[in-house]
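Trainee: Right, I'll just put the structure down here and ask away after.
In the working numbering, the protein residues as written are 78 to 174.
Structure follows, in structure tokens:
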């Protein structure tokens, strides 16, 4: 979801393309519902999550630590990119970009 927002900021900052939606009170819950359904069919339906758990069950502590660091870097990078995209959008609105 964060990367979708970042893409919107960057599209607006560099190309002037606004991703405008109609009513956020309708489209927000609709988007969350769609993402929830996709995740359900990817992981819960036919108990696919158990295969994922089984895959990572025998990880060593070092592998777990390495995986956690990679996830943390991904999350931090996503937030940084949202900040950069937001900053670019502000610069464009001030006609500095």
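The beta carbon of each residue, even a glycine, is placed where N, CA and C say it ideally should be.
Could you give the distance in angstroms between the alpha-carbon of residue 122 and the alpha-carbon of residue 153?
Mentor: Cα-Cα distance, rounded: 30 Å.
Trainee: By Cβ distance below 6 Å, which residues in the same chain neighbour residue 126 in space, the five residues on each side in sequence not counted?
Mentor: Excluding residues within five positions, the ones whose Cβ falls inside 6 Å are 120.
Trainee: Return the chain-ordered list of same chain residues with a C-beta closer than 6 Å to the C-beta of residue 102, the five sequence neighbours on each side being excluded.
Mentor: Excluding sequence neighbours, residue 102 sits near nothing in its chain.
Trainee: Out of curiosity, what's the CA-to-CA distance linking residue 85 and residue 140?
Mentor: Distance between the alpha carbons of residue 85 and residue 140: 35 Å.
Trainee: Would residue 165 and residue 87 be called neighbours here (beta carbons separated by less than 8 Å)?
Mentor: In this structure, residue 87 lies closer than 8 Å to residue 165 by Cβ.
Trainee: Consult DSSP for residue 171 and reduce its assignment to one of helix, strand or coil.
Mentor: If DSSP states are grouped into helix, strand and coil, residue 171 belongs with coil.
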